[in-house]
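Peer 1: In my numbering, the protein residues as written are 235 to 517.
Just so it is clear, CB atoms sit at the ideal spot from N, CA and C, and this is done for glycine as well.
All values reported here derive from a predicted model rather than from experimental measurement.
Questions regarding the structure given below will be posed in turn.
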Ligand SMILES: Nc1ncnc2c1ncn2[C@@H]1O[C@H](COP(=O)(O)OP(=O)(O)O)[C@@H](O)[C@H]1O
Ligand SMILES: [Mg+2]
């Protein structure tokens, strides 16, 4: 089921230009009625139930919901690591059946970079492994994206010499260097301290301004969702269902603390909370 649109505030209403844009091109990524399950010999855990949303080129689409609602599982399905038990994921109209270089994931963990490779080698590796580029071109592209994340000077050091934030920048450079159709990020800043996290959000938005990649971003932080996303899918607690889709296009780091930002954050919070209340009081 699709979440009901929130039309009560201008910030929650899609802009006209956005609609026009949508009329012209098919969605890049379609998550269509997707149910996902984990099966063990003892039991079946339903992680998401009939989730549908469309992501358009250059969207910064956020999956927001409480821990355990199936956000990571959805991202894994889009990445092609898990097959839906119902519904399907389509990229450019084609059904996703396996992982591919057109969908790259950045994870939360700082240890996603092999420690024995230098920063540059880490960024080059997927380009070489997938035979996307030869060695010389891969090195050039790696340096190009390391420059974009401000790490040119660290190309030849090893990951253990970097801070958590810098490691995440390398992971982002590595993902962008593959020039995927969709960049998938699973709580990439959740393990960072608050100030670094804020700076990484800002840098991600600057990077998006420059490169205009398509982003599918998972978080359980309402504030982060509003800052990072132009559209937000709000998922209900376990198993995740579409609760609402929210247009957050008008918000940025500059709107933090503003009345409209606070009001929207509170409405989202209430929707999550309401759902929990229903779950608690259900017969
Ligand atoms: N490998 C697994 N085996 C069984 N259940 C799992 C597995 N991974 C996740 N789950 C369950 O699936 C649900 C969704 O998990 P997950 O996608 O990780 O949620 P989120 O990322 O939103 O926190 C949770 O109830 C979780 O316990
Ligand atoms: Mg998760």
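Could you tell me the distance, in whole angstroms, from the CA atom of residue 236 to the CA atom of residue 465?
Peer 2: For residue 236, the predicted model reports a pLDDT of 46, less than 50, meaning its position is unreliable; a value from the coordinates is still stated below. If you take the alpha carbons of residue 236 and residue 465, they lie about 14 angstroms apart.
Peer 1: Taking all protein chains shown into account, do 16 or more other C-beta atoms lie within 10 angstroms of the C-beta of residue 475, making it buried, or fewer, making it exposed?
Peer 2: Counting C-beta atoms within 10 angstroms of its own C-beta, residue 475 has 16 or more neighbours from the protein chains shown and is therefore classed as buried.
Peer 1: Check whether the segment 492-503 and the segment 454-472 are in contact - that is, three or more C-beta pairs closer than 8 angstroms.
Peer 2: yes
Peer 1: Are the segment 369-377 and the segment 330-338 touching, with three or more C-beta to C-beta distances below 8 angstroms?
Peer 2: Here the segment 369-377 makes no contact with the segment 330-338; the two share fewer than three CB pairs at distances below 8 angstroms.
Peer 1: For residue 259, count neighbouring Cβ atoms within 10 angstroms of its own Cβ and tell me buried if that reaches 16, exposed if not.
Peer 2: exposed
Peer 1: Exposed or buried, which one is residue 410 when buried takes at least 16 other CB atoms within 10 Å?
Peer 2: buried
Peer 1: In its own chain, which residues sit with a C-beta less than 6 angstroms from the C-beta of residue 447, not counting the 5 before and 5 after it?
Peer 2: 417
Peer 1: Looking at residue 423: is its Cβ nearer than 8 angstroms to the Cβ of residue 413?
Peer 2: No, they are not a contact pair.
Peer 1: Can you look up residue 283 in the DSSP assignment and give me helix, strand or coil?
Peer 2: strand
Peer 1: Is it buried or exposed for residue 488, if we count other Cβ within 10 angstroms and need 16 for buried?
Peer 2: Under the 10 Å beta carbon count, residue 488 is surrounded by fewer than 16 other beta carbons and is classified as exposed.
Peer 1: Using beta-carbon positions only, say whether residue 284 and residue 271 come within less than 8 angstroms of one another.
Peer 2: no
Peer 1: Please indicate yes or no: does the CB of residue 421 lie closer than 7 angstroms to some heavy atom of ligand 2?
Peer 2: yes
Peer 1: Within 7 angstroms: the Cβ of residue 306 and any heavy atom of ligand 2?
Peer 2: yes
Peer 1: Between residue 445 and the rest of its own chain, which residues show a CB-CB distance below 8 angstroms, the 5 nearest in sequence each way excluded?
Peer 2: 382 and 410
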